[in-house]
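Protein sequences appear in the order of chains A and G.
All residue numbers for the first sequence refer to the working numbering, where the first residue is 1 and numbers rise by one.
All residue numbers for the second sequence refer to the working numbering, where the first residue is 1001 and numbers rise by one.
Yeah, the Cβ is synthetic: ideal placement off N, Cα and C, and Gly gets one too.
Treat the numbers as computed from the prediction; the structure is a model and nothing was measured.
What follows is one structure encoded as structure tokens, with my remarks underneath.
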Amino acid sequence: MPAKAKRIFVKGNVAVALGAVAARCRCFFGYPITPQNDIPEYMSKLMPENGGEFVQAESEIAAANMLLGASAAGIRCMTSSSSPGISLKQEAISYMAGSELPGVIVNMNRGGPGLGDIGPAQGDYYQSTRGGGHGDYRTLVLAPATCQEAYDLIIEAFDLAFKYRNPVLLLGDAILGQMMEPVTPWKPKKTSDKEKSWCLTGKGKRKHRLLKSLFLEEGALAGQNIHLADKYKAMAAEARAESFMTKDADLVVVAYGSIGRIAKSTVRKLRGKGHKVGLFRPVTLYPFPEKPLRALAKQGKQFLTIEHNLGQMVDDVRLAVRGLADSDFHGEYPGNLPSPDDFEKPILKSLRRIKK
Amino acid sequence: MSAKHAQAPWNSPAPGEKQVFSVPELLVDRPTHYCPGCHHGTAHRLVADCIEELGLAEKTICIGSIGCSVFIYNYLKVDAVEAPHGRAPAVATGVKRARPDAFVFTYQGDGDLASIGMAEIIHAANRGERISVVFVNNTVYGMTGGQMAPTTMIGQATTTCPGGRCQDREGSPIKMTEIIAGLGGTVFAARVAVNNLKNITKARKAIKTAFECQVKGLGFSFVEVLATCPTNWKMTPVAANDRIEAEMIPYFPLGVYQDIIAEREAACSTRM
């Protein structure tokens, strides 16, 4: 980051749009849905200004399939939506995973199920980290907690998509999308995407290429699934988390995204009162940062997972610490907007439990 | 023997023989998997002919669809990507926007394009995407075993309308070319058949014209090809071929339904 970088004051949605442009995104395919509308609105201006293409698709289904097409052509491309729209994109995301295509998808998670509301929620954790569509596949999932982190991670999302030839999901929520914060924009160094050996350009003088997810010949699909499984294993190298005051903590709160940030305020406040509590915030949800979490469990710490849903990531936390520790769970219901004070009681309750 | 001939032995007449029929180099030399009497092979060949004639092979990107037509990529030596069911026009939009210099076409059946893919085809046409669509209409879902399609004729029996399609209950067969022709971005739309030599000649011309629209950057182009499905129609190849003339053409009349090529060309040259 340059020393005298200028700060700007923007919404998380805008930070995502600006970060995508800095990452040399050249095609954006959008469809209106609250609370992510700033992204397509900004991209409709930013793409043509930066020599790219913007299409407002007829549906989220079409937008995701346009993404499939542009990524098959080897171009850095993105689509964005919010929960109900992301459900509709899952068909194309599954095909992209099966055909190994590198697109970036942004989900500003809103309340569900069904139409839900337009407020923040984390109900899409399972959908995001278990593939989301049909078939057995994974997408890389990045979960920023600040507007700056949204800017930084969307840039990384494009690199990761091409590194692994895989869809990458940036999972925010209505808080992240709609709040304004200072962001220091930066431009990444130009990296060359590994596109030469697989993407469609028209065959020219080389042999023609085919990108597909249909494997009918005997053994072919199993071979493809083994190949994909190896790739997903390799992705474990990308696992990342923020550890805050966990060193001497008896209880570690595990929370991601906006909720992780709110929980951080609670942890800080309780530390002020002398409670030995820390925060572990996964930045990548897939791969889940289980190694550092397990390391904390080995030190004898106990856990409390806080989420803005009925309990989804808590499964991954329990799997990570299995045999060594357990995790309590506090769920804030989608539709509620929690404040740091709301997490005090559940944290103190877990602290009392482990001291018994 | 030249490298060209080594690829396609059928194009190499023996000494003293005169070649009267050749196969495009773009077609892969392999046995067809299509059923006897199916028109896909003829349609594939016409597409290959037109790509070759226009010199587009090196810049072509083919968008496959779902159904029997998915296997076009096993027969054409061009770059290709497989689209989910019905979404080929959206995938083509993404490819073309990403690579405007490529020649991009979709090849879709009637279940794919006129049922599940109705939104994608209508909006790609309306936006005037610089893509070309070859739409093969055989009035039935072929690959899945002969279920009713949006194009199934009134009275035609299928595995999901065993008593014959009833207008009252299942609606009328959809006339796609007429719908596409009326949309703002469509520069050329035609319906053709490949049931006899005369119609094949016209079909070749229509597909070539459609492809030229894209090459000139004029807008969206669309060709519907009426085709047989002897297996699911439970007919012999000859009877199926006869059905095109006897039943399909009267309801799906052949012809050019939209052609504003000259108008668009004039507009383009004025702008320049």
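*A/Cys-25 touches chain G at which residues, Cβ-Cβ below 7 Å?*
Residues of chain G passing the Cβ test: none, with the nearest at roughly 11 Å.
_Per DSSP, what are the beta-bridge partners of G/Met-1248 in this structure?_
DSSP output for G/Met-1248 lists no bridge partner at all.
*If you compare alpha carbons, which of A/Lys-205, A/Ala-97, A/Arg-7 and A/Ile-175 is closest to G/Asp-1079?*
Per the Cα distances, A/Lys-205.
*Between A/Leu-304 and A/Ser-350, is the Cβ-Cβ spacing less than 8 Å?*
Closer than 8 Å, so yes.
*A/Ile-93 and A/Cys-27: beta carbons closer than 8 Å?*
The beta carbons of A/Ile-93 and A/Cys-27 sit no closer together than 8 Å.
*How should G/Thr-1228 be labelled, buried or exposed, when 16 other C-beta atoms within 10 angstroms of its C-beta is the threshold for buried?*
Answer is buried; the Cβ neighbour count reaches 16.
*How many Å lie between A/Lys-187 and A/Arg-240 at the Cα?*
Spanning the two alpha carbons is a distance of roughly 22 Å.
*Given that a residue counts as buried once 16 or more other Cβ atoms are within 10 Å of its Cβ, and exposed if not, what is A/Ile-226?*
With fewer than 16 other Cβ atoms within 10 Å, it is exposed.
*Using DSSP bridges, identify the partner residues of G/Ala-1080.*
Under DSSP, the beta-bridge partners assigned to G/Ala-1080 are A/Leu-210 and G/Cys-1062.
*Under 8 Å between the Cβ atoms of A/Ser-83 and A/Gly-116?*
Between A/Ser-83 and A/Gly-116, the gap from beta carbon to beta carbon is short of 8 Å.
*Secondary structure at A/His-308, three-state DSSP: helix, strand or coil?*
Coil at A/His-308, not helix or strand.
_Would A/Glu-218 pass as an interface residue toward chain G - the criterion being a Cβ-Cβ separation below 8 Å?_
For A/Glu-218, the answer is no, since every Cβ of chain G falls outside 8 Å of its Cβ.
*Identity of the residue in G/Asp-1242, G/Tyr-1073, G/Val-1047 and G/Gly-1163 nearest G/Ala-1203 by Cα*: The shortest C-alpha to C-alpha distance from G/Ala-1203 to any of G/Asp-1242, G/Tyr-1073, G/Val-1047 and G/Gly-1163 is the one to G/Val-1047.
*With a cut-off of 8 Å, does the C-beta of A/Phe-9 fall near any C-beta of chain G?*
Taking CB atoms only, A/Phe-9 has no neighbour in chain G less than 8 Å away.
*When the cut-off is 8 Å and only beta carbons count, does G/Ile-1261 lie next to chain A?*
Answer no: the Cβ-Cβ gap between G/Ile-1261 and chain A never drops below 8 Å.
*State the DSSP-derived secondary structure class of A/Tyr-232, mapped to helix, strand or coil.*
Note: A/Tyr-232 maps to helix in three-state DSSP.
*When DSSP labels each residue in this structure, what does G/Leu-1046 get in the three-state scheme?*
The answer is helix: DSSP assigns G/Leu-1046 an H, G or I state.
_Cβ shell of A/Ala-5 (< 8 Å), same chain only, five flanking positions each side left out_ = Closer than 8 Å at the Cβ level, and outside the excluded window around A/Ala-5, lie Thr-184, Pro-185 and Trp-186.
*DSSP on G/Cys-1068, reduced to helix/strand/coil?*
G/Cys-1068 falls in the helix class under three-state DSSP.
*DSSP on A/Thr-129, reduced to helix/strand/coil?*
Looking at A/Thr-129 - three-state DSSP - the assignment turns out to be helix.
*Could one say the Cβ of G/Lys-1059 lies closer than 8 Å to chain A's Cβ atoms, at least one of them?*
Chain A places a beta carbon closer than 8 Å to that of G/Lys-1059, counting this residue as a contact.
*asked:* Using C-beta distances below 7 Å, list every residue in its chain close to G/Arg-1264, excluding the 5 sequence neighbours before and after it, in chain order.
replied: Sequence-distant Cβ neighbours of G/Arg-1264 in its own chain, meaning closer than 7 Å and more than five residues away, are Val-1187, Leu-1218 and Gly-1219.
*Relative to the alpha-carbon of G/Ala-1057, which residue among G/Glu-1025, G/Asp-1242, G/Gly-1109 and G/Gln-1167 has its alpha-carbon at the smallest distance?*
When C-alpha distances from G/Ala-1057 are compared across G/Glu-1025, G/Asp-1242, G/Gly-1109 and G/Gln-1167, the shortest belongs to G/Glu-1025.
*According to DSSP, is G/Asp-1259 helix, strand or coil?*
Three-state DSSP puts G/Asp-1259 in a strand.
*Going along chain G, which residues have a C-beta under 8 Å from A/Lys-45?*
The CB of A/Lys-45 never comes closer than 8 Å to any CB in chain G; the least such distance is about 17 Å.
_Here's the rule I'm using: 16 or more other beta-carbon atoms within 10 Å means buried, otherwise exposed. How should G/Pro-1031 be labelled?_
Classification for G/Pro-1031: exposed.
*Going by DSSP, which residues form a beta bridge with G/Arg-1191?*
The beta-bridge partner set that DSSP reports for G/Arg-1191 consists of G/Glu-1224 and G/Gly-1255.
*Would you mind reading off the limits of the beta strand (DSSP E) that contains A/Cys-77?*
Run containing A/Cys-77: 77 to 81, per the beta strand (DSSP E) assignment.
*Beta bridge counterpart(s) of A/Thr-284 as assigned by DSSP*: DSSP, once it has assigned bridges, lists A/Leu-142 as partnering A/Thr-284.
*Rounded to whole angstroms, what's the CA-CA distance from A/Ala-72 to G/Val-1081? Just pull it up for me.*
Approximately 7 Å between the Cα atoms of the pair.
*asked:* On the DSSP letters alone, give me the boundaries of the alpha helix (DSSP H) that A/Ala-269 sits inside.
replied: Going by the sequence as given, residue 269 of chain A is Lys instead of Ala. Where A/Lys-269 is concerned, the enclosing alpha helix (DSSP H) stretches over 257 to 272.
_Starting from A/Leu-293, trace the alpha helix (DSSP H) in both directions and tell me its first and last residue._
Residues 290 to 298.
*Pull up the distance between the alpha-carbon of A/Thr-139 and that of G/Pro-1013, whole angstroms please.*
Distance between the alpha carbons of A/Thr-139 and G/Pro-1013: 54 Å.
*asked:* For A/Ile-61 and G/Arg-1127, I'd like the C-alpha separation in whole angstroms.
replied: Rounded to the nearest whole angstrom, the C-alpha separation of A/Ile-61 and G/Arg-1127 is 17 Å.
*Using the beta-carbon count (16 or more within 10 Å), is A/His-308 buried or exposed?*
With a threshold of 16 other beta carbon atoms within 10 Å, A/His-308 meets it and is buried.
*Between the CA atoms of A/Leu-319 and A/Gly-223 - distance to the nearest angstrom*: Our two residues, A/Gly-223 and A/Leu-319, have alpha carbons roughly 28 Å apart in a direct line.
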